[in-house]
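A.B. asks: Before I ask anything, here is the structure I am working with.
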Amino acid sequence: MKRYYITTPIYYVNSVPHIGTALTTVVADACARFQKSRGRAVYFLTGTDENAPKVHQVAQQQGKSTQQFVDEMAEVFKRTWHALHIEYDVFMRTTEDRHKRTSAEVFRRLRQQGDIYEGRYEGWYCVSCETFFAPSKVGENNTCPDCGKPLEYRDEPCYYFRLSAYQERLREHILSHPHFIEPQVRRNETLGFIAEGLQDVAVSRSGTDWGIPVPEDPHGRVIYVWFEALLNYLTATDWLDKGDAYLEIWPPDLQLMGKDILPRFHATIWPAMLMALGLPLPERLYGHGWWIVNKQKMSKSLGNVYAPLEVAQALSDASGCELPYAVDAFRYYMLREMPTDSDAEFSLEGLETRYNGDLANDLGNLVHRTLSMMQRYFDGRIPAGARLDEPLAHLFQQQVAVVEEAYEAVDFPRGLREAWEIIGAINRYYDEQAPWSLVKAGNSERAGQVLYAGLEAVRILSVLVEPVMPQVAREIARQLQLSELPMWQSASELNALPVGHSLGEPRPIFPRLQAKPTSSTQPKTPSPQGTIASTAMNETITLEEFKRIQIRVATIRSAEPVPNTTKLYKLTIDLGTETRTIVAGIAETYTPDELVGRQIAVLVNLQPAVIRGVVSEGMLLAADVEGKAILLSPDKPVPEGSVVR
Ligand code: MSP
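This is the structure in structure tokens:
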């Protein structure tokens with residue numbers, strides 16, 4: 007049977023994962039888990055886009071070979087996705103040999119059949135967006151119409167892909183397949199983009215050797231990064247190497263991405279390439295909106311870029327919630343607030359509100375109070391005669407169907423809102439029926455029935471939240487003492503928990519947040535740098551205050567003097583999930599050679615400061631010996647990012 011094929015874009019490795027790239031990946035993971043729960047075989051692809059000129063540029067800036075740089079960054083992406091409970095089936099890297107071969111073969115075929123032809127490119131290129139722009143589209147002072155950055159002028163012989171020839175067929179396909187592009191707003195946008203007229207696209211670049219070579223090209227050009235990047239979706243199915251076996255996977259059932267890369271790339275060039283190859287088109291392309299922060303686009307220069315794992319860690323630190331459940335809470339927030347049609351604001355206040363409200367008060371509390379009452383009144387065993395009341399049974403089935411339909415439509419905000427209706431209904435039912443009073447009045451039988459409804463709600467909710475919060479769902483199933491996590495279909499079964507079944511000990515999953523974690527997790531805003539050493543030894547702080555201090559182990563990757571200073575080095579440090587720059591006053595005690603490769607302890611949640619023109623994003627810890635800094639290092643090598651407590 008064909009597998010349900012779901013893809014995320016492959017991410018440029020010039021920067022580390024952030025809440026934008028995490029959004030697409032978390033949405034894809036939730037969709038993949040939902041399909042698996044419904045019993046489908048799934049093939050979930052994500053990966054990294056490594057041949058881009060901007061990736062090459064950053065590697066050069068960091069003084070690394072580009073291959074070494076992309077190898078390191080691909081690991082950072084993999085580690086981050088694992089930590090976010092992303093369960094992909096394949097991680098494609100475009101520097102892999104099979105991808106290079108697939109891309110070259112497609113190029114060859116399309117050239118042979120005349121869909122790729124030789125011409126000359128005279129016009130503009132945006133390295134940041136990796137996009138060619140016709141002169142009529144260029145912004146003021148030759149800037150990029152999309153990102154506003156300065157464009158590069160190119161005048162070179164190049165290959166073109168005959169996109170214009172597919173304009174009509176594309177339009178017809180979109181019109182005759184109402185679900186090909188979703189949501190509707192993106193479909194309309196794409197139809198508008200096509201109506202402006204599709205131009206042939208330049209698909210080769212000269213003057214660089216970082217990229218996939220154009221096959222049999224005497225000029226030594228490379229294939230335009232977007233052209234080959236899109237082909238990763240095909241490479242991952244083994245289309246080139248394994249005969250018809252790729253049809254067990256192809257075509258994609260759901261391709262997810264942000265709205266920025268839909269009309270120009272995934273909804274036009276990509277299907278046109280597939281038409282040219284004579285391959286079936288994807289069933290559905292879904293373009294979500296963007297996260298904005300403080301009403302602005304995220305950008306490094308504004309310092310408003312959130313790193314997903316830091317947010318989850320801070321939530322865990324501030325609430326005492328175990329990290330896997332804090333990660334799930336972060337996933338819940340992303341999906342509950344997910345930008346669908348339009349952009350949405352990402353904020354720590356929003357996360358706190360959802361955490362305390364939806365998770366601690368609603369879901370967590372329902373699970374905990376239901377199981378606690380069952381222990382107290384029934385020794386944790388489902389009493390004889392327990393059965394769901396009819397109106398509730400009906401409501402459960404109805405809500406499961408609505409949630410299913412919303413998840414299928416990639417509308418997680420609606421799906422989760424509808425799932426939470428079950429919690430609201432049970433809380434009202436408890437208030438009305440007051441099982442505690444029933445027990446006091448000697449009516450245990452009725453109390454057992456009321457609590458049984460709560461247990462069934464909890465069981466059903468564990469299934470409904472699993473795609474979104476997989477570890478939390480497992481913990482709920484464990485507390486219910488279910489031998490394995492139930493599949494989707496079991497959510498619409500009623501009275502499934504058998505009489506006599508023993509329940510586990512209740513254990514709170516989401517402790518309420520007392521203090522606000524915002525101050526410790528806020529993305530960096532420049533402020534003067536403080537020192538830990540300035541605290542006198544006899545001044546005490548509370549454990550809570552200490553917990554706000556995040557110290558981690560980092561490996562120094564490079565060290566160079568800050569110009570016009572004698573004491574300062576600019577260090578590039580590797581924290582496992584990200585690299586950062588810090589400025590440290592250790593030039594009098596260490597040479598750069600003594601530092602590179604060494605592990606140090608770094609205060610990572612210090613507000614960044616600009617020191618001699620360099621943004622320092624943390625502070626290393628050192629012993630102060632007569633004004634000289636002597637570094638603190640772990641006793642033996644430890645994984646980068648290890649927490650120091
Ligand atoms: N490498 C290309 C994709 C090639 S796919 C054949 C690329 N990479 S990217 O790393 O720049 O971005 C990948 C995804 O992250 C896109 O879907 C983009 O929309 C998404 N996001 C980047 N910033 C975002 C937000 N602030 N909010 C939500 N998603 C955003 O493009």
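Counting in the working numbering, the sequence shown runs from 7 upward without gaps.
Note that beta-carbon positions come from the ideal geometry of N, C-alpha and C, so glycine has one too.
Where do the ends of the beta strand (DSSP E) carrying valine 32 lie?
C.D. replies: Valine 32 -> not in any beta strand (DSSP E); alpha helix (DSSP H) instead, spanning 25 to 43.
A.B. asks: Restricting to Cα atoms, I'd like to know which of Asp395, Val505, Met344 and Gln67 is closest to arginine 360.
C.D. replies: Met344
A.B. asks: Considering only residues of the region 38 to 104, which uninterrupted beta strand (DSSP E) runs meet the minimum length of 3 residues and lie entirely inside it, listed in chain order?
C.D. replies: Qualifying beta strand (DSSP E) stretches, in chain order: 48 to 55 and 96 to 99.
A.B. asks: Can you name the start and end residues of the alpha helix (DSSP H) that glutamate 600 belongs to?
C.D. replies: 598 to 601
A.B. asks: Exposed or buried, which one is threonine 214 when buried takes at least 16 other CB atoms within 10 Å?
C.D. replies: exposed
A.B. asks: Grab the span of the beta strand (DSSP E) containing alanine 320 for me, first residue to last.
C.D. replies: Taken as a continuous stretch (DSSP letters only), alanine 320 belongs to no beta strand (DSSP E), being part of the alpha helix (DSSP H) at 314 to 325.
A.B. asks: Can you tell which of Arg563, Ala38 and Thr572 has the C-alpha that lies nearest to the C-alpha of aspartate 580?
C.D. replies: Arg563
A.B. asks: Give me whichever residues DSSP pairs with lysine 303 in a beta bridge.
C.D. replies: Ile298
A.B. asks: Given a threshold of 16 other Cβ atoms within 10 Å of its Cβ, counted over all protein chains shown, does aspartate 323 qualify as buried or as exposed?
C.D. replies: buried
A.B. asks: Just verifying my parser: in three-state terms, what is the DSSP assignment at glycine 264?
C.D. replies: strand
A.B. asks: Determine the burial state of threonine 30: buried for a count of at least 16 other Cβ atoms within 10 Å of its Cβ, exposed for fewer.
C.D. replies: buried
A.B. asks: Out of Asp206, Asn194, Phe271 and Gly370, point me to the one whose CA is closest to valine 231's CA.
C.D. replies: Phe271
A.B. asks: Only counting the same chain, and skipping five residues up and downstream in sequence, which positions put a Cβ closer than 8 Å to that of glutamate 545?
C.D. replies: In this predicted model, glutamate 545 has a pLDDT of only 49, less than 50, meaning its place in the structure is not dependable enough to derive any value.
A.B. asks: Using CA atoms only, rank isn't needed, just tell me which of Pro569, Thr571 and Ala615 is closest to arginine 586.
C.D. replies: Closest option to arginine 586, judged by alpha-carbon separation, among Pro569, Thr571 and Ala615: Ala615.
A.B. asks: Nearest by alpha-carbon distance to proline 59: which of Glu158, Asp266, Asp35 and Trp494 is it?
C.D. replies: Of Glu158, Asp266, Asp35 and Trp494, the residue nearest in Cα terms is Glu158.
A.B. asks: In whole angstroms, give me the CA-to-CA distance for isoleucine 388 and lysine 42.
C.D. replies: 30 Å
A.B. asks: Say yes only if the C-beta of alanine 34 is nearer than 7 Å to one or more non-hydrogen atoms of ligand 1, and no if none qualify.
C.D. replies: no
A.B. asks: Along the chain, where does the alpha helix (DSSP H) containing proline 397 start, and where does it finish?
C.D. replies: 396 to 414
A.B. asks: Residues in the same chain with beta-carbon distance under 8 Å from alanine 415, minus the five sequence neighbours each way, listed in chain order, please.
C.D. replies: Glu188
A.B. asks: With distance defined between alpha-carbon atoms, name the residue in Ile267, Leu246, Tyr166 and Arg192 nearest to valine 220.
C.D. replies: Tyr166
A.B. asks: Ignoring anything shorter than 3 residues or poking outside the region 186 to 265, list the beta strand (DSSP E) runs there in chain order.
C.D. replies: Qualifying beta strand (DSSP E) stretches, in chain order: 260 to 264.
A.B. asks: From the DSSP output, which residues share a beta bridge with valine 620?
C.D. replies: Ile617
A.B. asks: Less than 8 Å separating the beta-carbons of histidine 24 and methionine 263?
C.D. replies: no
A.B. asks: Give me the residue from Met7, Ser307, Ala407 and Gln605 with the minimum Cα distance to isoleucine 557.
C.D. replies: Nearest option by C-alpha distance: Gln605.
A.B. asks: Using the rule of at least 16 other Cβ atoms within 10 Å of the residue's Cβ for burial, across every protein chain shown, is glutamine 66 buried or exposed?
C.D. replies: exposed
A.B. asks: Based on the DSSP output, what are the partners of valine 559 in its beta bridges?
C.D. replies: Ala607
A.B. asks: Of the residues Ile267, Thr101, Val96 and Glu411, which one's Cα is nearest the Cα of glutamate 78?
C.D. replies: Thr101
A.B. asks: Below 7 Å CB to CB, which residues in the same chain sit around valine 620 once its five sequence neighbours on both sides are set aside?
C.D. replies: Beyond the five residues adjoining it in sequence on each side, valine 620 comes within less than 7 Å, by CB distance, of Val568, Lys576, Thr587 and Val589 in the same chain, given in chain order.
A.B. asks: Does the region 592 to 600 touch the region 278 to 287, meaning 3 or more C-beta pairs lie closer than 8 Å?
C.D. replies: Touching, no, given that fewer than three Cβ pairs across the two stretches are closer than 8 Å.
A.B. asks: In terms of alpha-carbon separation, which member of Asn611, Lys573 and Asp599 lies closest to glycine 633?
C.D. replies: Lys573
A.B. asks: I'd like the list of long-range same chain contacts for threonine 571, defined as Cβ closer than 7 Å, with 5 residues on each side in sequence excluded.
C.D. replies: Excluding sequence neighbours, threonine 571 sits near Arg618.
A.B. asks: Do you know offhand how far arginine 39's Cα is from aspartate 223's?
C.D. replies: 44 Å
A.B. asks: Given a cut-off of 8 Å, decide if threonine 241 and histidine 105 are closer than it, judged by their beta-carbon atoms.
C.D. replies: Yes, the pair counts as a contact, with Cβ atoms nearer than the cut-off.
A.B. asks: Let me know the secondary structure DSSP gives glutamate 128 once reduced to three states.
C.D. replies: strand
A.B. asks: By a C-beta neighbour count over all protein chains shown, 10 Å radius and 16 as the cutoff for buried, is valine 19 buried or exposed?
C.D. replies: buried
A.B. asks: Quick one: grab the DSSP three-state call for phenylalanine 418.
C.D. replies: helix
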